[in-house]
Each structure stands twice: as C-alpha cells, then as structure tokens.
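The sequence shown finishes on residue 58 if you use our numbering, and the numbering steps up by one all the way, no holes.
Virtual Cβ for every residue (Gly too), placed ideally from N, Cα, C.
Fair warning: this is a prediction, and the values are worked out from it, not measured in the lab.
Read through the structure below, which is laid out as structure tokens, and then see the notes.
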Amino acid sequence: MKHYYYSNNTDLQGNHTVHTEDCAFIPTASNRAYIGYYHNCSSAVRDARLQYPYQSFNGCYYCCRECHRR
Ligand SMILES: [Zn+2]
C-alpha cells in the first residue's frame, strides 16, 4: 500500500493530479494535500472525489498510469 496525495494546483484541464508518495513528480509539501493510504490509485482517486465532489482529479501519468485519463 502507498500514501497518496493530490496537487493543490490544477493542470490545464482543471484536474488535481493524484500522486504516490514516492513519485518523482509529486508537488512539494506545501503544494499538495494528503488523501490517504490505499492499495491502488483507483481507490485513492475515488476517495478524493468523494471527499471533494466539486473538484476534478486525474492520476499522474508516471506513478498512477492506470488511473490517468487524457
Ligand atoms: Zn506522480
């Protein structure tokens, strides 16, 4: 299992990018928010959407590729 975070900033599509704790592209501590500890990115993204239904999330292409949508 891994700790998952999302970026405070949004990408060009308006999505907050979800990362694992060990991603090389994770934002700095002041630019990310903690989601939780999950078996996979789909659980992390699902929970992020439940917690913040008015925000959009997308998996990071590098660390959460199976959750990455174009
Ligand atoms: Zn990442």
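Review point. Does DSSP put ALA21 in a helix, in a strand, or in coil?
Key: Here DSSP, grouped into helix, strand and coil, assigns ALA21 to strand.
Check your understanding: Does the beta carbon of TYR22 fall short of 7 Å from some heavy atom of ligand 1?
Key -> At a cut-off of 7 Å, the beta-carbon of TYR22 does not count as near ligand 1: no heavy atom of the ligand is closer than that.
Review point. To the nearest angstrom, how far is it from the Cα of ASN(-3) to the Cα of ARG58?
Key: Whole-angstrom Cα-Cα distance: 17 Å.
**Study point:** Reference PRO15; option with closest CA among ALA32, ARG37, TYR(-8) and GLN1
**Key:** Among ALA32, ARG37, TYR(-8) and GLN1, the Cα nearest to that of PRO15 belongs to TYR(-8).
Exercise for review: Name all residues in chain order for which at least one heavy atom of ligand 1 lies closer than 5 Å to the residue's CB.
Suggested key: Chain-ordered list of matching residues: HIS7, CYS11, PHE13, CYS48, TYR50 and CYS51.
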